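Chain order of the listed sequences is A and B. When we follow my numbering, the leftmost residue of the first sequence carries the number 3, and every step to the right adds one. When we follow my numbering, the leftmost residue of the second sequence carries the number 7, and every step to the right adds one. Yeah, the Cβ is synthetic: ideal placement off N, Cα and C, and Gly gets one too. Given the structure is predicted, the values throughout are model-derived calculations rather than measurements. Taking it in order: structure first as structure tokens, then the write-up.
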Amino acid sequence: MKDIVIIGAGIIGSFLAYDLSQYQLDIVLLEKNKDVGCGATKANSAIVHSGHDPKEGTLKAKLNVLGNRMYEDICKTFNCHYEKIGAYVLACGSEEEEVLKTLALQAKHREIPFELHDYLTILQHEPNCSDKVTQGLYLPSTAIITPWEVAISLTENAMLRGCKVHLETEVVNIEKITAGYCVHTSSGKIETRCVINCAGIYADHIAKMINPESSISIQPRRGEYFVLDHTKEPVVHHILFPVPSNKGKGVLLVPTIHKNVLLGPTSDFIDEKDDVSTTKTGLDYVKSHVHQLVKDVPMHQVIRTFSGNRPVGNTKDFIIEEDSDFSCFFNVAAIESPGIASAPAISQYVIDELVSKRLCLQKKTILPDILKRPCALSEMTYEKRQNIIKEDSRYGHIICRCETISEGEIIEAIHRPLPALTVGAIKRRLRPGMGRCQGGFCEPLIIQILAKELNINENEVTVEETGSNVLVSKR
Amino acid sequence: MRKHELVIIGAGAAGLSCALASYHAGIKDILILEKEEDAGGILNQCIHTGFGLHTFKEELSGPAYAQRCIDLLSKTSVQIQCSTMVLSVTKEKQLVCSSSQYGLETIQAKAIVFATGCRERSRGAIQIPGSRPAGVLTAGAAQRYLNLDGWMCGKKVIILGSGDIGLIMARRMTLEGAKVVAVAELMPYSNGLPRNIKQCLDDFDIPLYLSHTIVKIEGKDRVSGVVLSQVDEHLQPISGSEKHFDVDTVLLSVGLIPENTLLEQAGAQLHPKTRGPVVDERCMTSLDGIFACGNSLHVHDLVDFVFAEGQRAGYAAAEYLKKTYMDCNVIMVRPEGNISYVLPQKLHTSDTKLLYRVKTPMKNAELILMSKDKVLKRVRKVSLIPSIMEEIAVTKELLQDCDEELIVEVKPWKN
């Protein structure tokens, strides 16, 4: 009998696995994909919002503000990327300036640092700002991260603390048993005292497995994006938002940790939960809207488009509660924006308000040292890099020329506690394929390395899930 | 720190011919750095024939062509260091490179030639909507998998773009047992060589859909199909013209982009149209003593032309090192009208030639070289197409009559 089964290893599941594994509990984290953080965690704007935006009185408002204050330390702990680059909400005209005033008041009330800037001040900090802009709300505590990096580090360290992680394990049914629950999965059943449902877009399905009367309903809202190549001169220095509307935060320009720029998202409700297609209409919408905030968008620098589905609930807020009829069954659902920003605080809230009421939480006396995210060779000093290559020459063999990633780093990622088993998993950890050639040169080499290290044939290597093989047969 | 007279980055056709020319012009201390295990560059995966008629007066396969160059170099003091990636280059001509064998090292050169080739435009760059399953590859990647690694990447294939690699791969995949259902081209004309249309598509009954593009890719884990649509004169899809194809693979042959990340970081001026560096007739970039040639300068039609340009750059680098390089007046070259680009972008008054490409096909035209309003030269052209690079000779005398700017224009022929 396990103490807790966590369903879904997105940013929420991995925070919970890490935070809960400091206690004397027997925990299992279940993930249907071959890697963690592959749902909404993988495809979003990668922003730690300040918390100025959500409606007063909501969990979103409360947990976003708290989460924002927690991230810097968390990222430092794991050596994950974090940059507090700040954001601007930009108003064009007096009507929109009124909205800024309301947001500024909200920020003040929540003790979020802010400044109101006029156009000329904005222009000093953001030379590419459109001349249609009249005023901006500057939010210096807004930061950028690489969300999946955090999910990977959390999961890996949860594992070191004794949490069991089962990848490629899909929950097919959940049954009430006397002592708790029996979770039936694609690879066997697990009995547990508690269940935490953080299955993202599928959280309603999971909730209904135990309680068909559950009122939780999740509708996917698709966001489509462009990714711009890194340029010599940054296109924008801050995250730029338009003033929010009933459709959400609008089309943004977001610099990423690796000096790319995200343009997007759209915000469209769709029917299919895992349909992450991009559409011409959606991409055209983004194209026409980014131009309202900045003068020049180098659309010829687009290297990729993608879309992600945000799990939108039916309460306009996060749904974090114990099932009304089934005790010890906790739903952490509808974690749409600002989900990434709120995640550490959500985990804490679940533990304090829900789990601690049902289980006795006793801290482990000894916790293992934190396993940090390895530094990329390309970010190291010349001497350090030279020494690493001297010890293991595979670190001298560069596989990805766009992002300069070595064979040694790729092999290391394949053999970490949470292994990178797919082309996509390696891409998320090290970035080969995220550069301007989009894997055209390095993918064949990465497939060779994966096949060799995993002792499988090259046509058995997948990009992501089963069936996503690149190669089909020997010539 | 290692020191070399001349360092060439890339051991493909351009880098190898550049080394040969420089060596024969008297430079003995030459190092070629190559990222792959073997010299030869992309030639090594081009196992079809059709290379070398100009340079070697016979028809060779890609690997045989590369071997000819390597054999010629083996008789010289030129060193080729493979499995070595250049990480950075400065305008002071210092290179940092990484390899398993030598680790991280810094090399000081007196002259550098970039012969770094090009990369293929990816799906992201042309923004094809739809899902993002496995099975969408560039034609060059598919060629590598098949010809170097021995793996087929699909059984039922559609090819977007009628660039030469796409055409070659249509034939190659068919010969290996795949079904190539169609080649689709956005433009109303092909960007491939006419002989490749004939030999790779017509001879295998593979349909070519001009003015068509893929408007949707389908499939969750692996491609399951695509929707093809006709486009109007503004290249926008025409509603109602959609055709569905069941395929497991989409190959992209939608253009090549000169690879100049390092050169850009070093501070060289790049040309927005060619996406290669701005050069003079000696292939020298805006950085003193740093040259570029081959597909990293601009995308060529034939490897023989790459070879010839490599020779030019190699000879010029040798002249530079021997300090016999004379500086004189600079004339800027500017394309007008239907001229897509002209190389070089800068000229000194010497006997040389201009390379140019048109934007759209033209019949019965004339090429005009002008300085201000004065016509310097007119040449009749029966047919001009974007897939064929044209050249025109210019003499020192002609350039002496030229102002600071030489305008290259193409107009309908009038007697």
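Counted as a single uninterrupted DSSP element, the beta strand (DSSP E) harbouring B/N370 occupies residues 368–377. Residues of chain B with a Cβ closer than 8 Å to the Cβ of A/N461 are, in chain order, W157. In this structure, B/A45 and B/L22 form a Cβ contact; the two beta carbons are roughly 7 Å apart against a cut-off of 8 Å.
Comparing alpha carbon positions, the residue from A/A415, A/I212, A/A106 closest to A/R375 is A/A415. For the beta strand (DSSP E) assignment, the uninterrupted runs of no fewer than 3 residues enclosed by the segment 41–111 of chain B are, from N- to C-terminal side, 55–57, 85–87, 90–95, 100–105. Here the segment 183–190 of chain A makes no contact with the segment 396–409 of chain A; the two share fewer than three CB pairs at distances below 8 Å. Between the C-alpha atoms of A/G138 and A/V304 there is a straight-line separation of about 27 Å. Boundaries cannot be given for B/M193, as no beta strand (DSSP E) includes it and DSSP labels it neither H nor E. DSSP places A/F320 in the coil class of the three-state scheme, outside both helix and strand.
Within the same chain, Cβ atoms closer than 6 Å to the Cβ of B/A117 are found at L12, G295, A323, Y326, L327, the five residues on either side in sequence being excluded. Distance check between B/S137 and each of B/E126, B/V229, B/R201, B/H240 places B/V229 closest, using alpha-carbon atoms only.
In chain order, V7, V173, I176, K191, I192, T194, V197 place their CB closer than 7 Å to the CB of A/V185, counting only its own chain and leaving out the 5 sequence neighbours on each side.
Contact of B/E126 with chain A by beta-carbon distance below 8 Å involves C439, G442. If you check each beta-carbon in the segment 448–476 of chain A against every beta-carbon of chain B, the ones closer than 8 Å belong to Q450, E460, N461, T464, V465, E466, E467, T468, G469, S470, N471, V472, L473, V474, S475, K476. For B/G141 and B/N153, the gap between their C-alpha atoms comes out near 17 Å. In the three-state reduction of the DSSP assignment, A/P421 falls in the coil class. Exclusion of the five residues before and after A/I448 leaves I401, I412, V425, I428, P434 as the residues of its chain whose Cβ lies within less than 7 Å of its Cβ. Within chain A, the residues L285, V304, T307 have their CB atoms less than 7 Å from the CB of B/Q133, given in chain order. For A/K392, the nearest CB of chain B lies under 8 Å from its own CB, placing it at the interface with that chain. Under the Cβ distance rule, A/I400 counts among the residues neighbouring chain B, one pair being separated by less than 8 Å.
Assignment of beta-bridge partners to A/D120 by DSSP yields A/Q137. Put simply, the segment 360–369 of chain B touches the segment 391–399 of chain B. At least three CB pairs are less than 8 Å apart.
Scanning its chain for C-beta atoms nearer than 7 Å, with the 5 sequence neighbours on each side dropped, one finds around B/L241 the residues L192, in chain order. The C-beta of A/T268 has 16 or more other C-beta atoms within 10 Å across all chains shown, which makes the residue buried. When the Cα atoms are used, A/S380 and A/P244 turn out to be separated by approximately 35 Å. For chain B, the residues of the segment 366–398 of chain A that bring a beta carbon within less than 7 Å of one of its beta carbons are Y384, R387, Q388, I391, K392, S395, R396, G398, in chain order. For the 8 Å CB-CB criterion, A/P340 and A/P222 do not form a contact. Neighbours of A/V229 across chain B, judged by C-beta separation under 8 Å: G130. Here A/D270 is bridged, per DSSP, to A/R224. By the rule that beta-carbons nearer than 8 Å mark a contact, B/M175 does not touch chain A.
Per DSSP, the beta-bridge partners of B/E126 are B/L262. Interface residue (Cβ-Cβ distance to chain B less than 8 Å): A/P267 is not classified as such. Just measuring C-alpha positions, the residue of B/G68, B/D254, B/V348 sitting nearest B/I398 is B/V348. Under the three-state reduction of DSSP output, B/P200 falls in the helix class. Any Cβ of chain B closer than 8 Å to the Cβ of A/T144 would place that residue at the interface, and such an atom is absent. Within its own chain, the residues whose Cβ lies closer than 6 Å to the Cβ of B/A115, once the five positions on either side in sequence are excluded, are H10, V13, K99, listed in chain order.
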